[in-house]
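K.L.:
Heads up: the sequence shown is residues 446 to 929, going by the numbering used here. To start, I am sharing the structure in question, which I have written as structure tokens.
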Amino acid sequence: MAADKARSEVEVGVDEPPPGLGGWWSRMSVRTRITVLASVIVGLTLIAAAAGLLLTLQHSLVSNRDDLSRARAVDLANQAADGSLPKLLTEVGEDSLAQVVDSEGRVLAASSGLVGQGPISSFVPEDSGPEVRTLRGVPDDSETEDFRVWVLRASTTDGEVTVFVGTSLESLSEAVSTLRRSLLVGIPILLLVLAVATRVMVGRALRPVEDIRAEVAAISGSALDRRVSVPPSADEVARLAVTMNDMLDRLEAASSRQKEFIGDASHELQSPLTAFRAQLEVALAHPQGVDWTTLAGDLLVDSDRMERLVHDLLFLAKEDAGQPIRLDEPVDLEMVVLEEVSRLAARTPVVFDTSLVSPAPTQGNRQELSRLMRNVLENAARHARSRVKIELEARSAEIMIAVTDDGHGIPPDHEARIFERFARIEGARARSDGGTGLGLAIARAIAARHGGAISVDASPRAGADLAGARFVIRLPATEVMSGR
446 MAADKARSEV
456 EVGVDEPPPG
466 LGGWWSRMSV
476 RTRITVLASV
486 IVGLTLIAAA
496 AGLLLTLQHS
506 LVSNRDDLSR
516 ARAVDLANQA
526 ADGSLPKLLT
536 EVGEDSLAQV
546 VDSEGRVLAA
556 SSGLVGQGPI
566 SSFVPEDSGP
576 EVRTLRGVPD
586 DSETEDFRVW
596 VLRASTTDGE
606 VTVFVGTSLE
616 SLSEAVSTLR
626 RSLLVGIPIL
636 LLVLAVATRV
646 MVGRALRPVE
656 DIRAEVAAIS
666 GSALDRRVSV
676 PPSADEVARL
686 AVTMNDMLDR
696 LEAASSRQKE
706 FIGDASHELQ
716 SPLTAFRAQL
726 EVALAHPQGV
736 DWTTLAGDLL
746 VDSDRMERLV
756 HDLLFLAKED
766 AGQPIRLDEP
776 VDLEMVVLEE
786 VSRLAARTPV
796 VFDTSLVSPA
806 PTQGNRQELS
816 RLMRNVLENA
826 ARHARSRVKI
836 ELEARSAEIM
846 IAVTDDGHGI
856 PPDHEARIFE
866 RFARIEGARA
876 RSDGGTGLGL
886 AIARAIAARH
896 GGAISVDASP
906 RAGADLAGAR
916 FVIRLPATEV
926 MSGR
């Protein structure tokens, strides 16, 4: 049952998300989601980098040309000032121009492309520092090309002159446009290659996970001994496989315990039911020879045993389900022990020695702690010859309860199994009528739920006044506990 549930969870997975953005995204495979995420992140990064590259290139080209044009303008201004300005000016580079104009608008000197042309601009700087302008229609209005022109005013012996030195922006724009077109083609190709590579690599990385999923899905409730293959690597996939195998180990163990428990419970219920039915059949076959009072008493004994067995089974079922209970009640263990001893002493000839029982306050669930003591005391009384000794001592951090009988003890090879459900012990301490085989298992569960433990000294201790088994219960003294 546990394995079928696990298999169902593996195959079905989480509930389908509601429609919307999260819905279609969640319906994608992990492989597709990683591919999309990687492509989007890298794509945005490349776009930002491309934009930065274009801006940097444009700024660098403009800056370099500005430096050349500004230096040439200063040089021409100096030549005009000292009277060494030639009529034909050399250009600072390809697609460049230079012109010197006097205050009357006459062209004093010009580069080859402006020979015979009038002033390219009437702009005159207000101060002597160079200023930059973007001009269109140079050398005439039919031109649509833009020029970035540096303008500088200079003083000569003949008066003020204006120096114009500029370079075309068309070649700069072409360089930037060429790079832009390359990026527009290259980035999608790069993203496509990245997406394909990412999908292939993620697919290979997740292939062992899919293999593990398929192997787990193929494991049914009748084949819990199967295990998934562990990859030879030491990565997360290998650890996942090991974890899955550990889980399957626990499921197999739980299933085995469940089957054994059901078989034992069926056997324990079958015995009193068989006796019950046999007695009734005999009584019905020979009603005149039946002592109905005795029969009723025998049937009550059998029904009482079945009732206690059913109650014990119900308790363990709730324990396995982890049903929460209150564990913060103040409990006087001395009173609990004395009440259970008094109740048990009224129906058994065994003598109970409570001389070593002392006050021991703690916190927990009084009803469960009473059941714990009842089960341990009944077990001791059932196997004692004539006497049971109880010790109760409150220490600094814990409370120690010891229950010792004068019976035959427990065989050493059965000591580890004594607290198992329906544990059967051969020999003098074998379970007799009245026991369900669940008392000590319940006692261990209650002790553990209260943060304590129960153990057994199977063999008689040297110098002990009682030579039987000795059960020791240890519980927290006053620690406040919360229910599970």
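Note that the Cβ used here is the ideal one computed from N, Cα and C, for glycine as well. Treat the numbers as computed from the prediction; the structure is a model and nothing was measured.
For V606, which residues in the same chain have their Cβ closer than 6 Å to its Cβ, ignoring the five residues on either side in sequence?
P.N.:
Same-chain partners within the cutoff: A525, V545, D547, A599.
K.L.:
Is there contact here, the segment 823-836 with the segment 765-780, by at least three beta-carbon pairs under 8 Å?
P.N.:
No: the two stretches stay apart, fewer than three of their Cβ pairs being nearer than 8 Å.
K.L.:
What span of residues does the beta strand (DSSP E) with E576 cover, start to end?
P.N.:
576-581 is the extent of the beta strand (DSSP E) around E576.
K.L.:
Just list the beta strand (DSSP E) runs in the segment 498-556, keeping only unbroken ones of 3 residues or longer that don't cross its boundaries, in chain order.
P.N.:
Counting only runs of 3 or more, we get 541-547, 552-556.
K.L.:
Nearest CA to the CA of Q703: which residue from A762, L725, V755?
P.N.:
Considering only alpha carbons, the answer is A762.
K.L.:
By the 10 Å Cβ neighbour count, where 16 or more other Cβ atoms means buried, how is E785 classified, buried or exposed?
P.N.:
Burial call: buried.
K.L.:
Does the beta-carbon of V901 have 16 or more other beta-carbons within 10 angstroms, so that it is buried, or is it exposed?
P.N.:
Buried, since its Cβ has 16 or more Cβ neighbours within 10 Å.
K.L.:
Under 6 Å Cβ to Cβ from A873, same chain only, skipping five residues before and after it: list those, please.
P.N.:
Residue placement at A873 is poorly supported in this model, since its pLDDT is 44, which falls under 50; the coordinates are not used for a value here.
K.L.:
On the three-pair Cβ rule with 8 Å, is the segment 476-495 touching the segment 623-641?
P.N.:
With a cut-off of 8 Å, the segment 623-641 and the segment 476-495 count as touching, because enough Cβ pairs lie within range.
K.L.:
Return yes when the Cβ of V782 is within less than 8 Å of the Cβ of V802, no when it is not.
P.N.:
Their beta carbons are under 8 Å apart, which means V802 touches V782 by this criterion.
K.L.:
Can you tell which of A679, P856, P717, R672 has its C-alpha closest to the C-alpha of L696?
P.N.:
Ranking A679, P856, P717, R672 by Cα distance to L696 puts R672 first.
K.L.:
Tell me where the alpha helix (DSSP H) around A898 begins and ends.
P.N.:
Element bounds for A898: not the alpha helix (DSSP H) but the beta strand (DSSP E), 898-902.
K.L.:
Just verifying my parser: in three-state terms, what is the DSSP assignment at F797?
P.N.:
In this structure, F797 counts as strand in the three-state DSSP scheme.
K.L.:
Taking its Cβ as the centre, do 16 or more other Cβ atoms sit within 10 Å of D670, making it buried, or is it exposed?
P.N.:
Per the 10 Å Cβ criterion, exposed.
K.L.:
Applying the criterion that 16 or more other CB atoms from any shown protein chain within 10 Å of the CB defines a buried residue, is F916 buried or exposed?
P.N.:
Label assigned to F916: buried.
K.L.:
What did DSSP end up calling I918 once you bin it into helix, strand or coil?
P.N.:
It is a strand residue.
K.L.:
Give the range of the beta strand (DSSP E) segment to which P806 is assigned.
P.N.:
It spans 806-809 - the beta strand (DSSP E) in which P806 sits, taken as one unbroken run.
K.L.:
Please work out which residues of its chain come closer than 8 Å, Cβ to Cβ, to V457, disregarding the five sequence neighbours upstream and downstream, and give them in chain order.
P.N.:
Model confidence at V457 stands at a pLDDT of 39, short of 50, so the residue's coordinates are unreliable; what they give is reported in the following sentence. None.
K.L.:
Can you tell me whether M845 is helix, strand or coil according to DSSP?
P.N.:
Here M845 sits in strand by DSSP.
K.L.:
Rounded to a whole number of angstroms, what is the C-alpha to C-alpha distance between L521 and D512?
P.N.:
In a straight line, the C-alpha of L521 is about 14 Å away from that of D512.
K.L.:
Go ahead and pull the three-state DSSP assignment for F609.
P.N.:
If DSSP states are grouped into helix, strand and coil, F609 belongs with the strands.
K.L.:
Grouping DSSP H, G and I as helix and E and B as strand, with all else coil, what is T601?
P.N.:
DSSP places T601 in strand when its eight states are reduced to three.
K.L.:
For P633, report the span of its alpha helix (DSSP H) as first-last.
P.N.:
Where P633 is concerned, the enclosing alpha helix (DSSP H) stretches over 615-662.
K.L.:
Determine the closest residue to G742 out of F721, V727, A495, with distance taken between C-alpha atoms.
P.N.:
Ranking the options by Cα distance to G742, first place goes to F721.
K.L.:
Measure the C-alpha to C-alpha separation of V583 and L629 and round it to an integer number of angstroms.
P.N.:
Cα to Cα, V583 sits roughly 33 Å from L629.
K.L.:
Per DSSP, what kind of secondary structure is D591 in: helix, strand or coil?
P.N.:
D591: strand per DSSP, three-state reduction.
K.L.:
Using the Cβ count rule (16 or more neighbours within 10 Å means buried), how would you classify A642?
P.N.:
Exposed, by the Cβ-count rule.
K.L.:
Check for me: the alpha helix (DSSP H) holding A839 runs from which residue to which?
P.N.:
Per DSSP, A839 belongs to no alpha helix (DSSP H); it is in the beta strand (DSSP E), 832-839.
K.L.:
Tell whether a beta-carbon distance below 8 Å holds between R398 and V647.
P.N.:
Outside the displayed span of the chain (446 to 929) sits residue 398, for which this structure offers no information.
K.L.:
Using the three-state DSSP reduction, which class does E865 fall into: helix, strand or coil?
P.N.:
Looking at E865 - three-state DSSP - the assignment turns out to be coil, as it is neither helix nor strand.
K.L.:
Check whether the Cβ atoms of D773 and Q808 lie closer than 8 Å to each other.
P.N.:
Yes; because the gap between Cβ atoms is below 8 Å, this pair is in contact.
K.L.:
Within a Cβ cutoff of 8 Å, which residues of the same chain sit near A686, ignoring the five residues on either side of it in sequence?
P.N.:
So the qualifying residues of the chain are P653, I657, V673, S674, V675, P676.
K.L.:
Does the Cβ of E813 have 16 or more other Cβ atoms within 10 Å, making it buried, or fewer, making it exposed?
P.N.:
Looking at its Cβ environment, which holds 16 or more other Cβ atoms inside 10 Å, E813 is buried.
K.L.:
Let's test the definition: count the other Cβ atoms within 10 Å of the Cβ of M473 and tell me whether it reaches 16, buried, or not, exposed.
P.N.:
The residue is exposed, with fewer than 16 neighbouring Cβ atoms inside 10 Å.
K.L.:
What separation, rounded to the nearest whole angstrom, lies between the Cα atoms of F592 and E571?
P.N.:
Spanning the two alpha carbons is a distance of roughly 21 Å.
K.L.:
The alpha helix (DSSP H) spanning V776 covers which residue range?
P.N.:
Not the alpha helix (DSSP H): V776 falls in the beta strand (DSSP E), residues 774-777.
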